[in-house]
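Enquirer: After the structure tokens below, expect a handful of questions from me.
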Amino acid sequence: MKLVVNGEEHVVEVPVETSLAEVLRDELGLTGTKVACNEGHCGACTVQVDGMPVLSCITLAHTVSGRVTTIEGLRDHPLVAAFVRADAVQCGFCTPGQVVSAAALVAASPEPTVDEIRHAMAGNICRCGTYPKIEEAILHWRD
Amino acid sequence: MARLIRTEKEVEGRFEEVWLVVEEDPLSQWPAGPRDVVGRAATRKDALERVRGEARFTADIRLPGMLHAAVLRSPYAHARAARVDLAPALALPGVRAAIGPDDAPGLETEAGYVGAPVAAVAAETDAQARAGAAAIAVEWEQLEIVVDPEEAVERGLLHGEPERYERGDFDDAVAHADVVVEGTYTTSVVLHNALETHQSVCEWVGDRLDVYTSTQYVWGVREEVAKGLGIAPDKVRVVCEYMGGGFGAKNSAGEFTFAAAVLARATGRPVRCALTRREENVAAGNRNGTIQKLTAAARSDGTIVALGGEFINALGWDGWSASTEGPMKMLYACDNVRTVRSTAKINTPPMKAFRAPGFVEGTFGLECIVDELAKKLDLDPLEMRRKNDATSNDGTPYSSKNLAECYARAEKHWERRHEVRARSDARWKRGVGMASQVWYGGGGPPSYAWTRVGSDGRIVVVTAMQDIGTGTRTAMAQIAAEELGVPLDRVEVALGDTARGPYATLSAGSSTTPSVGPAVRAAAADAKRQIVEIAAQRYDLEERVLDIRDATIVSADGNLSVDLTEFLSMLGNAQILGKGARGPNPTGMSVLTFGVQVVEVAVDVETGEVRVERVAAIHDVGRIINPLGAESQVEGGIIQGIGHTLSEQRLLDPETGRVLTTTLDAYRVPTIADVPEIVCEFVDEPDAHLTNLGSKGLGEPPIVPIAAAIGNAIRDATGADVHGLPITREEMLRALKERRGAPAAV
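So the sequences go chain by chain: A and B.
For the first sequence, the positions run 1 to 143 when the working numbering is used.
For the second sequence, the positions run 1001 to 1746 when the working numbering is used.
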């Protein structure tokens, strides 16, 4: 199958039951995408497909025809600096997924309100509780 | 000079007498308040790699030829594996090795809970390993199950003897009190659910074992693995550079590490063993539930004269019994206290430390009943607490205590209650509550650090500790930068590898910063002393007139001002190496952390929904190294505590002992939508008796008082007494109904 990830086309041979997260992490070595629950409940594995946030752990790789963007494709996004500035990272295991979700949000709504942030980010669990800082980072992502 | 001392060592509120070699710590503390680097907000040294997904966690380690291991777990809450046949697993495609009970520490024939590890399989893929584990044929003999902690106590199914404590004459004090309040409080089992599950990758290199593991204690894993496998500790190298959360559950090696190590030896290939989320929620530890039958008695002027508690720690099959009675013994100056704690051994998954174990549970009961007492006496809860504030820890003086200052700073938040209540309407009732906090957090020796100064003027702090997400790496860099008189960006910290740095303590018990921090400062001071010695020779000046400030070597008279990097450039490949050790804790003193939280809630009296709207947290943990990181710790603790209080609950099928809430869908941790406004303040007064820093730990204190403060705010808002965690809508509606005088629906 063919997969376009961060603007690059890849050809991979994987069984039909393989998830997008497995292809990204194990076939392409893009380990920035984390798998924390592997059943679509926590948001750590969030990537974008054609700009929309998608849970890569419950997405079959063979069903993906759009352009995939992972945290590796967003490393220079202003949100990264905003997260660092706001201390919106503790252990960091959920953080790439948070940034990917937030990037989709600010692309659709460049000046999101607190309510919009809370709505868009509610699927990304952070067990360390960095939420206040994540909210601050997204509110001030272009500063 | 090294000194041998006999001392009491505290970890997570547990004490043991140990011999310790300590080195003198001749540095005097810096004056209070922000310095050039210490005490000023710093973004994390490792933020960028964590945010960009470049940080390599154990979960990301892929070694060439690596196999995957899966663990077979007991389907029964209590059973004995009479026969374990590995052959069916070995016949499956991709399976390379299988081990059963007694082949590796942690795999056992007697299973005391659903999920107890029995056997393990290594295969080419994770799916093949899981298929292999499922194929192992086990003949189970089922044994009797007990999952009810009260039944276990009645039948004497206990871990150890009940722990008893008494001071004064409790019965007499209750008999002569003006007011007595009694109540039963319960806290339910909650699960850590760090986002990186428990996991290890093991690889044998000759006769050395490399263990990459998600741990809070690289040295503890090293010792445990060496002992478990019967090899020398130096033959075990434990690595954990980035770690995806622990909260207390990752202090030990675990069966997954041993299974990976033994399977790696059997196959000659690296083996990875990672728990799934569902295994994590069954077999990776929990905060045990408690039942607390409490009594509080006072005189009409508000003096608390007696406190009593019968506590049951529902520990599960294994774990250790934390001091749920601790807050009752320590928070108030009450002369008459009697407690007994029984530890039920039941067929449920084992307890592991979870962020201030015992004190989180005990503070909920104590601080709620103290408020009920205040209400009965018609006294202001803040005044009640001030009046009864303890002046010593059961006779032992404090190294420092600024709880009175915390109370003073809480006043402005407490004053908001009239305005908050006034915003109530027919459906949403609003109110304000408070609770205080006492907990450990002083750390202790031993811990060591090295500093390495290169001719480029950059400094590396080397210490084999771990940063589990608390920001300790950054705090260590700040301490070294401050001592050496250089900006923070000149300092890196190399950590997380037992083969490449000196011993440092575990990242638990709020102990990392107070334990390792002073060693880092000592190591930086040692390097600085050597730089000054060299500069004195180079410029023919006395050492005592030289100092390093703003990365510049300066003399007291101002005549000498040489850029540090320029000066060091003459070193070439030579390096200046400093070493430092953590000095002893003050003898005869109790090192404790204190704080108070004021919470505003809104309660929907129709549906029982509780919303936490605002939390003001004031904590006294000595000197603050990094105010930004400290604030993050407080926010994180409060949010996790709100989860414990309102939504998190491990549910168990009482018939089979099976955990029902094994997913992050069923087990409800807080999301960003649940977060209140959080206001955070620190007293920031160095503990004059504690180390060269005067800093205590902060990982745990913020989670201690939040549940009681929410419970007390609910009472303020509605008049209802909540006695059980979590305060689900059902519990809230039950309490409201009880308040209205109707019989409680159970």
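For each residue, glycine too, the CB sits at the ideal point set by N, CA and C.
None of these values were measured; they are calculated from a predicted model.
1) Cα separation between Q1199 (chain B) and L1209 (chain B)?
2) Please state whether the Cβ-Cβ distance between D1665 (chain B) and S1647 (chain B) is less than 9 Å.
3) With a 10 Å radius around its C-beta and 16 neighbouring C-beta atoms as the bar for buried, classify F1015 (chain B) as buried or exposed.
4) Looking only at its own chain, which residues have a Cβ that is under 6 Å from the Cβ of I117 (chain A), when we skip the five neighbours before and after it?
5) Going by the beta-carbon positions, is the gap between Y1440 (chain B) and T1656 (chain B) smaller than 9 Å?
6) Which stretch, first to last residue, makes up the alpha helix (DSSP H) that contains M1330 (chain B)?
7) What are the boundary residues of the beta strand (DSSP E) that includes T1184 (chain B)?
8) Which chain A residues are close to A1522 (chain B), counting only those with a beta carbon under 8 Å from its beta carbon?
9) DSSP three-state call for P96 (chain A): helix, strand or coil?
10) For E1383 (chain B) and T130 (chain A), I'd like the C-alpha separation in whole angstroms.
11) For A1344 (chain B), verify whether its CB is less than 8 Å away from any heavy atom of the ligand SAM.
12) Along chain A, in chain order, which residues have C-beta atoms closer than 7 Å to that of S1507 (chain B)?
13) CA-CA distance, V1746 (chain B) and Y1185 (chain B)?
14) Pull up the CB-CB distance for V1603 (chain B) and K1737 (chain B), whole angstroms please, since I reckon it's below 8 Å.
15) When you compare each of B:D1684, B:T1339, B:G1094 and B:A1129 to E1795 (chain B) by their alpha carbons, which one comes out closest?
16) For A1744 (chain B), name the three-state secondary structure that DSSP assigns.
17) Does E13 (chain A) have its Cβ less than 9 Å from a Cβ in chain B?
18) Suppose only complete runs of 3+ residues qualify. What are the beta strand (DSSP E) ranges in the stretch 4-45 of chain A, listed by chain order?
19) Give me the Cα-Cα distance between P1357 (chain B) and D1456 (chain B), rounded to the nearest whole angstrom.
20) Is there a C-beta anywhere in chain B that falls below 9 Å from the one on H62 (chain A)?
21) I'd like the list of long-range same chain contacts for R1739 (chain B), defined as Cβ closer than 6 Å, with 5 residues on each side in sequence excluded.
22) K2 (chain A) CB to nearest chain B CB: under 9 Å?
23) Using 8 Å as the Cβ pair cut-off and three pairs as the minimum, do the stretch 1217-1226 of chain B and the stretch 1030-1040 of chain B touch?
24) Run down chain A in chain order and give the residues with a C-beta less than 7 Å from the C-beta of F1057 (chain B).
25) Check this for me: beta carbons of Q1128 (chain B) and R1623 (chain B), under 9 Å apart or not?
26) Tell me the residue span of the beta strand (DSSP E) that contains L1294 (chain B).
27) Can you tell me which of B:V1011, B:E1024 and B:E1012 puts its alpha carbon nearest to the alpha carbon of I1005 (chain B)?
28) If you check the beta carbons only, do V1262 (chain B) and D1103 (chain B) fall under 9 Å apart?
29) Since S1342 (chain B) and V1114 (chain B) are thought to touch, with beta carbons under 8 Å apart, how far apart are those beta carbons, to the nearest angstrom?
30) Apply the 10 Å Cβ neighbour rule to T1513 (chain B) and answer buried if 16 or more other Cβ atoms are within range, or exposed otherwise.
31) Below 9 Å between beta carbons: does that hold for I1672 (chain B) and A122 (chain A)?
32) Ordered along the chain, which non-local residues of its own chain (more than five positions away) have a Cβ less than 8 Å from that of T1125 (chain B)?
33) Closest by CA to S1436 (chain B), which one among B:P1381, B:I1291 and B:A1344?
34) Looking only at its chain, what residues have a beta carbon closer than 8 Å to the beta carbon of R1044 (chain B), apart from the 5 residues adjacent to it on each side?
35) Considering Cα atoms alone, identify which of B:G1641, B:L1651, B:E1161 and B:D1207 is closest to I1706 (chain B).
36) Compute the beta-carbon to beta-carbon distance between P1676 (chain B) and V1605 (chain B), rounded to the nearest angstrom, for a pair I have assumed lies under 8 Å.
Expert: To lay it out plainly:
1) Taking the first residue of the second sequence as 1, we reach residue 1199 (chain B) at position 199. Taking the first residue of the second sequence as 1, we reach residue 1209 (chain B) at position 209. Going from the Cα of Q1199 (chain B) to the Cα of L1209 (chain B) covers about 16 Å.
2) Here the question's residue 1665 (chain B) lines up with position 665 in the second sequence. Here the question's residue 1647 (chain B) lines up with position 647 in the second sequence. No; because the gap between Cβ atoms is not below 9 Å, this pair is not in contact.
3) Residue numbering aside, residue 1015 (chain B) sits at position 15 when the second sequence is read from its first letter. Exposed, by the Cβ-count rule.
4) For the purposes of this step, residue 117 (chain A) is taken as the residue at position 117 of the first sequence. Closer than 6 Å at Cβ, skipping near neighbours: E135 and I138.
5) Translated into positions along the second sequence, residue 1440 (chain B) becomes position 440. Translated into positions along the second sequence, residue 1656 (chain B) becomes position 656. The answer is no: Cβ separation not under 9 Å.
6) Within the second sequence, numbered from 1, the residue matching residue 1330 (chain B) stands at position 330. Looking at the DSSP string, the run of the alpha helix (DSSP H) that includes M1330 (chain B) is G1326 to M1330.
7) As a first step, residue 1184 (chain B) is located in the second sequence; it is residue number 184 there, counting from the start. Start and end: V1179 to T1187.
8) As a working note, residue 1522 (chain B) is residue 522 in the second sequence. Within 8 Å Cβ-Cβ: nothing; A1522 (chain B) doesn't reach chain A, min ~28 Å.
9) As a first step, residue 96 (chain A) must be located in the first sequence, where it is residue number 96. The answer is helix: DSSP assigns P96 (chain A) an H, G or I state.
10) For the purposes of this step, residue 1383 (chain B) is taken as the residue at position 383 of the second sequence. For the purposes of this step, residue 130 (chain A) is taken as the residue at position 130 of the first sequence. Distance between the alpha carbons of E1383 (chain B) and T130 (chain A) is about 33 Å.
11) Only the bare structure without any ligand can be found here, which leaves the ligand SAM out of the picture.
12) Taking the first residue of the second sequence as 1, we reach residue 1507 (chain B) at position 507. None at all; the shortest Cβ gap to chain A is about 11 Å.
13) Counting from 1 along the second sequence, the entry for residue 1746 (chain B) is found at position 746. Counting from 1 along the second sequence, the entry for residue 1185 (chain B) is found at position 185. At V1746 (chain B), the pLDDT of 42 sits below 50, so the modelled position is not reliable and the matter cannot be decided from this model.
14) Along the second sequence, read from residue 1 onward, the residue named residue 1603 (chain B) stands at position 603. Along the second sequence, read from residue 1 onward, the residue named residue 1737 (chain B) stands at position 737. With 8 Å as the limit, V1603 (chain B) and K1737 (chain B) do not qualify as a contact, their Cβ atoms being about 13 Å apart.
15) In the structure as shown, chain B starts at 1001 and stops at 1746, and residue 1795 (chain B) therefore has no counterpart that could be examined.
16) What you label residue 1744 (chain B) is simply residue 744 of the second sequence in a count that begins at 1. Residue placement at A1744 (chain B) is flagged as unreliable, the pLDDT there being 47, under the threshold of 50; the coordinate-derived value follows with that caveat. Three-state result, A1744 (chain B): coil.
17) Position 13 of the first sequence, counted from the first residue, corresponds to residue 13 (chain A). False, the Cβ-Cβ gap to chain B never drops below 9 Å.
18) Those beta strand (DSSP E) runs which fall completely within the stretch 4-45 of chain A and span 3+ residues are 8-11.
19) In the second sequence, the residue the question calls residue 1357 (chain B) occupies position 357. In the second sequence, the residue the question calls residue 1456 (chain B) occupies position 456. P1357 (chain B) and D1456 (chain B): Cα-Cα distance of roughly 46 Å.
20) The sequence position of residue 62 (chain A) within the first sequence is 62, counting from 1. For H62 (chain A), no CB of chain B lies under 9 Å from its own CB, so it is not counted at the interface with that chain.
21) Along the second sequence, read from residue 1 onward, the residue named residue 1739 (chain B) stands at position 739. Answer for R1739 (chain B): G1719 and A1720, listed in chain order.
22) In the first sequence, residue 2 (chain A) corresponds to position 2, counting from 1. By this cut-off, K2 (chain A) is not an interface position.
23) no
24) The residue given as residue 1057 (chain B) occupies position 57 in the second sequence. Scanning chain A for C-beta atoms nearer than 7 Å to the C-beta of F1057 (chain B) yields F93, reported in chain order.
25) Mapped onto the second sequence, residue 1128 (chain B) falls at position 128. Mapped onto the second sequence, residue 1623 (chain B) falls at position 623. No, they are not a contact pair.
26) By 1-based counting over the second sequence, the position of residue 1294 (chain B) is 294. That run of the beta strand (DSSP E) goes G1289 to A1298.
27) One-based indexing of the second sequence puts residue 1005 (chain B) at position 5. Among B:V1011, B:E1024 and B:E1012, the Cα nearest to that of I1005 (chain B) is on B:E1024.
28) Working through the second sequence from its first residue, we reach residue 1262 (chain B) at position 262. Working through the second sequence from its first residue, we reach residue 1103 (chain B) at position 103. Their beta carbons are under 9 Å apart, which means V1262 (chain B) touches D1103 (chain B) by this criterion.
29) Taking the second sequence and counting its residues from 1, one reaches residue 1342 (chain B) at position 342. Taking the second sequence and counting its residues from 1, one reaches residue 1114 (chain B) at position 114. Their Cβ separation, rounded to whole angstroms, is 24 Å, which puts S1342 (chain B) and V1114 (chain B) out of contact at 8 Å.
30) Within the second sequence, residue 1513 (chain B) is the residue found at index 513, counting from 1. Classification for T1513 (chain B): buried.
31) For the purposes of this step, residue 1672 (chain B) is identified with residue 672 of the second sequence, where counting begins at 1. For the purposes of this step, residue 122 (chain A) is identified with residue 122 of the first sequence, where counting begins at 1. The answer is yes: Cβ separation under 9 Å.
32) In the second sequence, residue 1125 (chain B) corresponds to position 125, counting from 1. Once the five neighbours on either side are set aside, the close Cβ partners of T1125 (chain B) are H1068 and G1094.
33) As a working mapping, residue 1436 (chain B) is identified with position 436 in the second sequence. Comparing Cα-Cα distances from S1436 (chain B) to each of B:P1381, B:I1291 and B:A1344, the minimum goes to B:P1381.
34) Within the second sequence, the letter at position 44 stands for residue 1044 (chain B). The residues are R1050, G1471, R1473, T1474 and G1629.
35) The residue labelled residue 1706 (chain B) in the question sits at position 706 within the second sequence. The shortest Cα separation from I1706 (chain B) among B:G1641, B:L1651, B:E1161 and B:D1207 belongs to B:G1641.
36) Here residue 1676 (chain B) refers to the residue found at position 676 when the second sequence is read from its first residue. Here residue 1605 (chain B) refers to the residue found at position 605 when the second sequence is read from its first residue. Their Cβ separation, rounded to whole angstroms, is 19 Å, which puts P1676 (chain B) and V1605 (chain B) out of contact at 8 Å.
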